[in-house]
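Below is one structure, written out as structure tokens; comments come after it.
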Amino acid sequence: MYENFILSTSVYINGSFFEISSDLTVLQACGLAGIYIPRFCYHEKLSIVGSCRMCLVELYKSLKPVVACATPIFKDIEIYTETALTKNSREHVLEFLLINHPLDCPICDQGGECDLQDQSLVYGSDRGRFKEKKRAVLNKDFGPFIKTMMTRCIHCTRCVRFMSEVAGDAVLGTLGRGKDMEIGTYIVNTLQSEISGNIIDICPVGALTSKPFAFTNRSWELRSVESVDIMDSLGSSIRLDFRGSEIVRILPMVNELVNECWITDKIRFTYDGFKYNRLITPLLRKKKWALNNGVAISYLTGSWERSILFLTSIIICFLFLFSVNNLKFILNELIDVQTILSIFHVANFLGSSNIISSDQTLSTNYSNIDMRENYLFNHPISYLEHGMPYIFIGSNLQLESPLLNVRLNKTSPIKKIIGFFGSFQKNNFNSYHLGISIHNIRRIMMGKHFFCKLISSYGVSSWISNIYYLNAFTNILSMINYIGKYNGVLNHYNVIHNDCSKVGIFDLCISNNYKQVSNYCYLKTDLPMLLYCLGSNPNLYQNVLISNKHFFIYQGHHSVVDEFKQIFLFLPSTSFIEKSKKYVNNVGKLVSVRKAVVSPGLSKDDSLIIDILNLILKHVNNKDITKEVLMFTYLPHLFSKVHNKNYNIYYLIWYTMCTIQNNKYSKLFYNIIYTNKIDNYYKTNQIASASKILGKMNVRLYNYTNIY
């Protein structure tokens, strides 16, 4: 009854009276009172060790200073933080910490953001009394992300505790004693955690810094913009640091409801992907549609006016020659809510419902998404820390959402009961493998599974599934919801998405269309088809395409990796750092990104391109002319300035339709089975794939090339 009731106690700090919770330490109590106490080893999200001794304070009737971070408060405690004894003690502690620290602040990347510099300004001396030789420590190789300068290390052990307690990968530790003490890996190895870059932020000195950022910029030369991480569906708060028109660093922002103060390595080190492999100007196809006779494919740089008219014409031609079902809009994993709405308006005007997401063309369709709670992560993210039993269905939380995995790791090992269905996966927590079939799930529902004995004392458990398995577990989902309502717990079935756009797609326009179609019917057809890809890589669809019968309009901020012969128009768009847009995260909350830099070249906002297309289509539709007149009269007039017949869109399509009749179709792959496996965590979207920093990592093997 009183388990959540926290008692308060009276505390005197520097002579002032405060009522503070009784379960806090002296340092935390002073922080609530607005009094800052210097510290190095203490961190709000890590365990307390009290090793640096910088937070010494004086207590009433205490014989010596006490460590504020490790001393609990009690009733009527009197704390003094500004006495001569306290100040003198901190000065002596800092002098010992600086004994072996090198004097290389002018070339240190931590300069301007260094806690040791700040403390030295207040408690340091202008001269040193240490005459012996300084100790030197060999640098460690932690991988392509983290640069080490271990001579600067003051042994605060923040990095050791982070890797053990937060990342769940206890690879760092302290070796040796006294002056021979070092921090490193027990066995020579690189850091293999998806969130290892956070030790750069928590290091109070320059011992651990960003290797790609080294010797490139100074912190005081950068400007910052708050934004949101769209590399996964969680929507973590981030800070974009830029200089001029280039993003040079990405750091976390504190958001206790979502990501606390951590971010993943994928968003932290993907900033160079915004400048490589960018599509900055519209490109129109230059050669004829001779796709299989060895003719080289080349493109001609065009203007936006010509490209938009070309795009409008090809859509009208397909609607005239075929039907509206031959026009498909494919949305990528980074698309924002406003662009989805614009596509929805265009599709409604054309009378089409063929709006599909990039993953659905390759795997399966979703039919059980009428209710919003069926595709959301319904629990608050903080619930993962409460110790409720969790059952995963085909989900690898460590790769799909590493920050959710951090929350799960905060649960006490005694209370942590986790089971998973599916193939064996590498996790950083102990779990029970419950099987690979739906039959085993039914056994849990019936109480005949061994796992039921472990969770019987809790009464109810939380189920977490990847979105790709939602359709296969329709009946199971109904059973789970029924049991949850019977036990008084609603919506304890949670869905994890790999993409930040998936919830917005389901919310706005796509969910009503998935119920009417069967698997693979979107692209596997013998009829010619025009596919409008918004940032989605057409190379992903080669297994479901018929040669020469699918034609692509590609609109995106990064060009496709390989040369894809069916693309005849490239439209450059802006990435998320170059526009102010909104997304819907995994828990169904609307999050906003802010424009940080200017878009390169002639790239335009996605929603702006679609809105202009919509206006032109409506203008053409309002004209009192027949489709035959439009085809043979109006369309050639759009390109009257271009005398080359290759730019006559009707000629291109007519030539193509006549050519493909004699071609042999490629064999369809009907037996495509989607497996919930992320082969390369650092290449799940086009921005990350273009990053050379992330490209050094070979995920799950974590081999890299050290060029620094």
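Residue numbers for the sequence shown, in my numbering: 1022 to 1729.
Cβ coordinates follow ideal geometry from the N, Cα and C atoms, glycine included.
Counting along the chain, residue 1044 sits inside no alpha helix (DSSP H), nor does DSSP assign it H or E at all. Two segments are said to touch when three or more pairs of C-beta atoms, one from each, lie closer than 8 Å; by this definition the segment 1603-1612 does not touch the segment 1366-1381. Just measuring C-alpha positions, the residue of 1069, 1359, 1041, 1330 sitting nearest residue 1177 is 1069. DSSP places residue 1713 in the coil class of the three-state scheme, outside both helix and strand. In the pairwise beta carbon analysis, the segment 1090-1106 is classified as not touching the segment 1124-1141: fewer than three pairs are separated by under 8 Å. The three-state reading of DSSP puts residue 1554 in strand, counting E and B together. Taking C-alpha positions only, residue 1441 is separated from residue 1513 by approximately 16 Å. For residue 1430 and residue 1703, the gap between their C-alpha atoms comes out near 22 Å. Under DSSP, residue 1206 shares a beta bridge with 1193. Assignment of beta-bridge partners to residue 1456 by DSSP yields 1442. In terms of CA proximity to residue 1150, 1115 leads the group 1115, 1136, 1174.
Between the C-alpha atoms of residue 1405 and residue 1466 there is a straight-line separation of about 22 Å. Here residue 1366 carries a helix assignment [DSSP, helix/strand/coil]. Judged by DSSP in its simplified three-state form, residue 1149 adopts coil rather than helix or strand. The continuous beta strand (DSSP E) containing residue 1576 extends over residues 1571-1577. Per DSSP, residue 1618 is not a residue of any alpha helix (DSSP H), being assigned neither H nor E.
Listed in chain order, the beta strand (DSSP E) runs fully inside the segment 1039-1089 are 1077-1080, counting runs of at least 3 residues.
Within the same chain, and ignoring the five residues on either side of residue 1083 in sequence, no residue has its Cβ closer than 6 Å to its Cβ. Per the coordinates, the alpha-carbon of residue 1134 lies some 7 Å from the alpha-carbon of residue 1240. Its Cα nearest to that of residue 1623, the residue 1322 stands out among 1322, 1478, 1136, 1117.
Residue 1226 sits in coil when the DSSP states are folded into three classes, being neither helix nor strand. A Cβ-Cβ distance of about 5 Å is found for the pair residue 1714 and residue 1293, placing them in contact under the 8 Å criterion. Here DSSP, grouped into helix, strand and coil, assigns residue 1241 to helix. Proximity to residue 1372 across 1356, 1336, 1360, 1608 peaks at 1336, based on C-alpha coordinates. For residue 1263, there is no enclosing alpha helix (DSSP H); the residue is found in the beta strand (DSSP E) stretching over 1258-1264. Short of 6 Å from the beta carbon of residue 1190, and not among the five residues preceding or following it, lie these beta carbons of its own chain, in chain order: 1184, 1214, 1449. Between residue 1592 and residue 1303 the beta-carbon gap is near 6 Å, inside 8 Å, which marks them as a contact. For the pair residue 1100 and residue 1180, the CB atoms are not nearer than the 9 Å cut-off. The Cβ atoms of residue 1172 and residue 1155 sit closer than 9 Å to each other.
Around the CB of residue 1401, fewer than 16 other CB atoms lie within 10 Å, so the residue is classed as exposed. Shown here for residue 1360: same chain residues with a beta carbon closer than 6 Å to its own, the five before and five after excluded, namely 1627, 1628 in chain order. Here the segment 1220-1229 makes no contact with the segment 1573-1580; the two share fewer than three CB pairs at distances below 8 Å. DSSP places residue 1602 within a strand segment (E or B) once states are collapsed to three.
Partner residues in the beta bridge of residue 1349, as assigned by DSSP, are 1552. As DSSP reads the structure, residue 1414 sits in a beta bridge with 1442, 1486. Taking the Cα positions, residue 1085 is about 9 Å away from residue 1078.
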